[in-house]
Amino acid sequence: MELHQIESNLASPNPQNRMKAMVELRNHAPEVVVPLLKQRMHDREFIVRSFVAMGLGNKQTEEGFAALLDLIACDSDANVVAEAANSLAKFGDAAVPHLVQLFERNSHWLVRQSILAALEGVGPEILMQLCRWGWEGEDLVVQGNAIAMLGQLCGTPQETLALAILLEAATAEADMIRAQAARTLKEFDQHPQAQAALATLRQDTNLRVVGATFESLV
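Residue numbers (our numbering): 8 to 225.
See below:
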């Protein structure tokens, strides 16, 4: 599609045309694409704004980075914010402080899940903070993912704090949380506290939890 056709479709009242235009922008240079994407940052359709966020991550410029910061600060739709967080992560270290701040202030499960996935492998101090916030939140999916990621902290200076959260999770009311705690505790089985918690979980009343304690043995 020629550039003039893309520009025409971006201005179309039909959101399908606007999205089609943004897909076509993949074939153009960042200095052309980013200003055009910014024109649709406040589109009334959240799916269009999500496409904007995705495109800004694929065409990385300083202007695009600033636009993504605006999206995570101002957009009210969690789908858009989550997509913007994914795109920000592509900018590397420069994005990390902004994503950490977003995780702290935005408790929506989709946003937090996106950030946890995007920042997997980040330094142990930052990972510990994210996992702590995730665990202290109210969403079970985020809690479970945070508990799983605590396994990455075994053998780091954050090991003791990670184990403390895991021991708490091992006594959680939700079966899925206890099961995930069992899986991750096996990373810490050199600690007597972890061994004791796993022994207790093997006697759990929920078979899913019991099965989780034996998964790595199968």
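Where is the CB? At the ideal position from N, CA and C, for every residue including glycine.
On a predicted model such as this, the values are computed, not experimentally measured, just so you know.
DSSP three-state assignment for residue i, whether helix, strand or coil
i	result
Arg112	helix
Pro22	helix
Cys161	coil
Asp196	coil
Arg33	helix
Val225	Annotation note: pLDDT 42 at Val225 (below 50); position unreliable, coordinate value reported separately. Val225 falls in the coil class under three-state DSSP.
Gly62	helix
Arg185	helix
Ala179	coil
Glu52	coil
Arg119	helix
Residue i versus residue j: straight-line alpha-carbon distance, rounded
i	j	result
Asn65	Phe58	11 Å
Val216	Ile122	27 Å
Gln120	Pro20	33 Å
Asp84	Leu173	32 Å
Val168	Ile184	Strictly speaking, residue 168 in this sequence is Leu, with Val absent from that position. Their backbone Cα atoms lie some 18 Å apart in a straight line.
Leu205	Leu160	18 Å
Arg47	Asn152	33 Å
Thr207	Glu166	21 Å
Leu280	Glu111	Residue 280 is absent from the structure shown; the chain starts at 8 and stops at 225.
Met29	Asp77	19 Å
Ser124	Leu170	According to the sequence as given, residue 124 is Ala; it is not Ser. Cα to Cα, Ala124 sits roughly 21 Å from Leu170.
Ala60	Ala177	38 Å
Ala91	Glu145	23 Å
Where residue i falls, given that 16 or more other Cβ within 10 Å makes a residue buried
i	result
Asp100	exposed
Ser94	buried
Phe98	buried
Gly6	The question about residue 6 has no answer, for the chain in this structure spans 8 to 225.
Gly130	exposed
Val41	buried
Cys81	exposed
Phe221	exposed
Thr191	buried
Gln197	exposed
Gly71	buried
Leu10	exposed
Residue range of the unbroken alpha helix (DSSP H) whose run includes residue i
i	result
Lys97	Careful: Lys97 lies outside any alpha helix (DSSP H) and carries neither H nor E.
Lys45	37-45
Ala153	147-156
Asp77	69-81
Gly218	214-221
Gln12	10-17
Ala171	166-176
Gln136	131-143
Distance cut-off 7 Å: residue i Cβ against heavy atoms of the ligand COA
i	result
Ala153	In the structure on display, the ligand COA does not appear, and there are no ligands present to speak of.
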